[in-house]
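Colleague: Take this structure, written in structure tokens, and hold onto it; I'll ask about it next.
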RNA sequence: CAGCAGGGAGGCUCUGCCGCUGCCCCGCAAGGGGGAGAGGAAAGUCCGGGCAACACAGAGCGCCGUCCUUCCUAACGGGAAGAUCUUCGAGAGGGGAUAGCCAGCGUAACAGAAAACAACCGCCACGAGGUUUCGGCCCCGGGGUAAGGGUGAAAAGGCGGGGUAAGAGCCCACCGCGGAUGUGGCGACACAUUCGGCCGUACGCCUGACGGGUUGCAAGACCAUGUAUACCGACGCUACAGGGCUGCUCGUCCGAUGUCGGGGGGUAGGUUGCUGACGAGCCGUGGAGGAGACUCCCGGCCUAGAUAAAUGGCAGAGACCCGAAAAGGAGCGAUCCGUUUCGGACACAGAACCCGGCUUAUACACCCUGCUGUGUU
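Numbering (my numbering), first residue to last: 5 to 131.
Following this line, the structure appears as structure tokens:
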């Protein structure tokens with residue numbers, strides 16, 4: 005598996021796991037995102053970071069707009085996640101992240117990419 | 001050439017880097033390779049079907065839906081070709097309505113005398129009175145009048161002539177309406193002849209014919225996880241508490257606790273349903289029939305299957321289109337054509353069980369037919 009891939013194992017799913025993330029996770033804001041993350045303990049050597057991407061139906065009513073935004077965010081995460089994932093694996097922890105798009109506008113890809121990179125750096129410095 | 005009307009068909013292409021989801025092949029595995037991967041509306045969820053679960057003797061009533069005719073279709077509230085009326089447009093054409101209701105009943109705001117057994121004003125003759133310049137005028141009474149006025153969405157068939165005190169289908173011609181007969185058409189209807197002087201229109205209740213069981217893939221099936229126990233049955237136990245018949249006793253009946261089975265309640269998942277290699281399937285400047293929707297035959301094809309939800313992101317190039325400029329070509333001319341440079345624009349929109357429709361959104365550009373206007377000859 006190469007360092008730029010993003011398979012189903014790295015995408016957050018399951019009602020309980022998501023509920024736990026939003027109840028106990030710590031959050032922050034970097035325009036145009038609100039983010040929530042939760043660290044956990046694990047013994048496994050496998051990749052243990054998972055991401056969830058959300059775009060509000062309230063601000064973006066057309067499905068094709070939401071798809072475009074989610075795809076861009078996913079690309080940005082995919083291209084910049086490798087240092088984070090490696091660090092999480094070495095520390096033998098697990099990490100769940102939620103990225104929530106909060107702008108009514110469709111911002112350019114460059115803005116999205118910068119914001120995602122900043123969030124990842126912030127999360128790494130936190131624990 | 002410009003502006004329209006109707007119908008049809010389309011709705012970007014290529015390259016590089018990095019990815020996503022099924023499938024097939026190789027490999028013990030890590031992984032590697034191959035090939036596939038959004039729409040004309042995938043949308044709204046408005047109709048009709050398939051499929052699934054539950055319900056269901058049969059019949060009637062009720063409820064809901066549909067409603068000009070003939071066809072098409074698996075079916076439809078859909079489509080095709082027509083009919084009548086109406087409305088918009090200069091026209092090509094577009095929109096809307098249409099079962100019956102003189103079986104019966106109800107409603108018709110505001111305005112208006114009156115909204116269906118119509119006299120407010122007006123008009124008319126007659127009778128009583130007043131006045132008079134003897135022409136009349138004023139006033140009262142009971143009558144006759146739907147020609148005129150005003151109101152209204154709608155005012156008692158229209159219009160002309162005769163007729164009359166004034167009027168009136170009272171009479172007549174034409175038109176309209178209704179009945180009958182004939183002709184044409186499968187039919188809705190149309191046309192002709194003839195008879196009838198003919199007191200409305202809209203909507204609803206109502207009447208008739210036809211159709212409709214309910215819920216939707218979060219349907220449903222299976223696997224795994226696995227716990228309080230309403231309730232029911234069987235077995236076991238009649239040892240103790242309790243309750244009913246009864247206030248007590250006897251008697252008798254019920255009965256918690258046990259085991260098994262059923263049953264219902266709850267938690268978070270997976271597989272299947274699921275994508276079709278066989279279907280109301282798709283494609284074809286292929287035949288045949290039909291005015292058309294469509295049907296039959298022939299040939300070829302197998303065409304997304306996700307699930308916090310794949311089908312992409314970024315960068316670059318190029319078509320097509322629009323605007324401006326340059327030199328050139330065609331034509332008498334309005335104008336057109338290709339070339340180069342610069343700038344701009346590239347829509348609506350994302351499958352969620354599957355089909356057939358309807359409705360709505362849509363930059364740009366193409367083809368066919370038709371209409372109106374204009375230029376040159």
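Even for Gly, the Cβ is constructed at its ideal location relative to N, Cα and C.
Please report the Cβ distance between residue 105 and residue 37, rounded to the nearest whole angstrom; I am assuming they are in contact, meaning their Cβ atoms lie under 8 angstroms.
Modeller: For the purposes of this step, residue 105 is taken as the residue at position 101 of the first chain. For the purposes of this step, residue 37 is taken as the residue at position 33 of the first chain. Residue 105 to residue 37, Cβ: 6 angstroms. Contact.
Colleague: For the alpha helix (DSSP H) that contains residue 81, what are its first and last residues?
Modeller: Taking the first chain and counting its residues from 1, one reaches residue 81 at position 77. It spans 67-84 - the alpha helix (DSSP H) in which residue 81 sits, taken as one unbroken run.
Colleague: Could you tell me which of 103, 73, 107, 63 sits nearest to residue 122, measuring between CA atoms?
Modeller: In the first chain, counting from the first residue as 1, residue 122 sits at position 118. Answer by Cα proximity: 103.
Colleague: Please report the distance separating the alpha-carbon of residue 6 from that of residue 125.
Modeller: Stepping through the first chain from its first residue, residue 6 is reached at position 2. Stepping through the first chain from its first residue, residue 125 is reached at position 121. Note that residue 6 has pLDDT 47, beneath the 50 cutoff, so the model's placement of it is unreliable and the number below is only indicative. Distance between the alpha carbons of residue 6 and residue 125 is about 21 angstroms.
Colleague: Tell me where the alpha helix (DSSP H) around residue 56 begins and ends.
Modeller: In the first chain, residue 56 corresponds to position 52, counting from 1. Run containing residue 56: none in the alpha helix (DSSP H); it sits in the beta strand (DSSP E), 53-59.
Colleague: Rounded to whole angstroms, what's the CA-CA distance from residue 24 to residue 113? Just pull it up for me.
Modeller: Residue 24 sits at position 20 when you count from the first residue of the first chain. Residue 113 sits at position 109 when you count from the first residue of the first chain. The straight-line gap from Cα to Cα measures roughly 30 angstroms.
Colleague: Check the DSSP bridge columns for residue 26 and list the partner residues they point to.
Modeller: Translated into the one-based positions of the first chain, residue 26 becomes position 22. None, per the DSSP bridge assignment.
Colleague: Is residue 126 helix, strand or coil by DSSP?
Modeller: Within the first chain, the letter at position 122 stands for residue 126. Residue state, collapsed to three classes: helix.
Colleague: For residue 109 and residue 30, what's the separation of their Cα atoms in angstroms?
Modeller: In the first chain, counting from the first residue as 1, residue 109 sits at position 105. In the first chain, counting from the first residue as 1, residue 30 sits at position 26. About 26 angstroms.
Colleague: Hey, is the segment 51-62 in contact with the segment 74-84, meaning 3+ C-beta pairs nearer than 8 angstroms?
Modeller: At 8 angstroms Cβ cutoff, the stretches touch.
Colleague: Where residue 74 and residue 107 are concerned, what is the direct C-alpha to C-alpha distance, given to the nearest angstrom?
Modeller: Locating residue 74 in the first chain gives position 70, where the first residue counts as 1. Locating residue 107 in the first chain gives position 103, where the first residue counts as 1. Cα to Cα, residue 74 sits roughly 13 angstroms from residue 107.
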